[in-house]
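Visitor: Note that UniProt numbering numbers the sequence shown so that position 73 is 73, with each residue one more than the last.
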Amino acid sequence: MDRSQVHAEGRLEVRGLELEVRMEAGGSSLNVEVQDPYSGDCWRADFQPSYVEDLTHKTGNFKQFSVFCSMLESAITQSSESVSLDLLTYADLERMRSRKSGPAMRSALHPSAAAAAATTPSGAANPALSSKRYLILIYTVEFDRIHYPLALGYAGRPDTATLQRAVRQLKEELVPPAGSPGRRAGPQAQGRDKRELEALVARLQKRAEGGGCGGVSDAGGVVGATAAKELRVLRRLVSSLQEELGRERAKAQRSAAKRSQEIRKLDDELEEARASERSLRARVKCLSTELALYKRG
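Structure (structure tokens):
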């Protein structure tokens, strides 16, 4: 693989929320994007090699730009246990900075994690700050954890049509059309389909009840008519998924009842076959005895 061009994307669970993380790096820049796949909120930023290397230098654990990109790629693809990702708000960084209690008391977090807050103007009420997210690349070594913070600006969310397409795609991934190559077969696979669909409905319901943003998606300023419209659409989609889940449950119950009936029928047939076998064995034994008596004459 050409290491001058690095592309990686993955869906990760961060602080109990699923997030899609993407990166694209070349010789002149690093592009990082984080998106909430359910609300559509997106944060992104471009970083120059000089900025990245200066950032790593300030942590006390310098990394060349290409090495940093490889570490970020490994964290996104979860291919190494020594690197991981976290996502913080400005308020999280402020709390992290306030917990620091002097040079003698080493925090469980590397000073680099608080560096982003320390170098950011105070004023959490500022919408430009509250809407930002900080993707933290955590590098774990034997006796230390180094935090590399990347500040991402809020890039908005897709329109309603895009949101609908995303949810439809999720539905198709979970329950492909009957007869399609991806359709799961068998009671165990159907059970997995149901559990996955239930989990999706629960997540979407949570998003709908919370205004469609949930968790880290409290981007300032994204309110009003557009958000209300998207919320109504999302709730209708949740309702549709719940109805589909009900149909799947009813279908599974009918299928289970039919299988139980078939099993009872096969049990009856098996018992009849066993009875017939016992009768035939008795008849064979009787005929064998008569044949022996006949031969002795």
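Cβ coordinates follow ideal geometry from the N, Cα and C atoms, glycine included.
Please read these numbers as outputs of a predicted model, since none were measured by experiment.
Go ahead and pull the three-state DSSP assignment for residue 84.
Guide: Indexing the sequence shown from 1 puts residue 84 at position 84. Strand at residue 84.
Visitor: Just to confirm, is the Cβ distance from residue 88 to residue 137 under 8 Å?
Guide: As a first step, residue 88 is located in the sequence shown; it is residue number 88 there, counting from the start. As a first step, residue 137 is located in the sequence shown; it is residue number 137 there, counting from the start. No, these two residues do not count as a Cβ contact at 8 Å.
Visitor: Strictly by DSSP, which residues pair up with residue 284?
Guide: Working through the sequence shown from its first residue, we reach residue 284 at position 284. The partner list for residue 284 (beta bridge, DSSP) is empty, contrary to what the question assumes.
Visitor: Among all the DSSP beta bridges, which residues are the ones paired with residue 35?
Guide: Your numbering for residue 35 matches position 35 in the sequence shown. The partner list for residue 35 (beta bridge, DSSP) reads 20 and 42.
Visitor: Of the residues 254, 155, 132 and 267, which one's Cα is nearest the Cα of residue 42?
Guide: Mapped onto the sequence shown, residue 42 falls at position 42. Measuring from the Cα of residue 42, the nearest candidate turns out to be 155.
Visitor: Taking the alpha-carbon positions, what's the residue 56 to residue 78 distance?
Guide: Position 56 of the sequence shown, counted from the first residue, corresponds to residue 56. Position 78 of the sequence shown, counted from the first residue, corresponds to residue 78. Cα to Cα, residue 56 sits roughly 21 Å from residue 78.
Visitor: Within 10 angstroms of its Cβ, does residue 131 collect 16 or more other Cβ (buried), or is it exposed?
Guide: By one-based count along the sequence shown, residue 131 stands at place 131. Flag for residue 131 reads buried.
Visitor: Output the boundary residues of the beta strand (DSSP E) element that contains residue 95.
Guide: Along the sequence shown, read from residue 1 onward, the residue named residue 95 stands at position 95. Run containing residue 95: none in the beta strand (DSSP E); it sits in the alpha helix (DSSP H), 90 to 99.
Visitor: Could you check if residue 294 is buried or exposed, using at least 16 other CB atoms within 10 Å of its CB as the buried criterion?
Guide: The residue you call residue 294 lines up with position 294 of the sequence shown. With fewer than 16 other Cβ atoms within 10 Å, it is exposed.
Visitor: Ignore the nearest five residues each way along the sequence and tell me which others in residue 8's own chain have a CB closer than 6 Å to its CB.
Guide: Here residue 8 is taken as the residue at index 8 of the sequence shown, counted from 1. 23, 73, 76 and 77, listed in sequence order.
Visitor: DSSP puts residue 149 in a beta bridge; with which residues?
Guide: The residue given as residue 149 occupies position 149 in the sequence shown. Looking at the DSSP assignment, residue 149 forms a beta bridge with 136.
Visitor: Taking residue 139 and residue 71 to be in contact with their CB atoms under 8 Å, please state how far apart those CB atoms are, rounded to whole angstroms.
Guide: The residue labelled residue 139 in the question sits at position 139 within the sequence shown. The residue labelled residue 71 in the question sits at position 71 within the sequence shown. Right, their Cβ atoms sit about 6 Å apart.
Visitor: Would a check of beta-carbon distances place residue 21 closer than 8 Å to chain D?
Guide: Absent from the structure is chain D; it holds one protein chain and no more.
Visitor: Please classify residue 284: is it buried, with 16 or more other beta-carbons within 10 angstroms of its beta-carbon, or exposed?
Guide: On the sequence shown, residue 284 is found 284 positions in, with the first residue counted as 1. Residue 284 should be labelled exposed.
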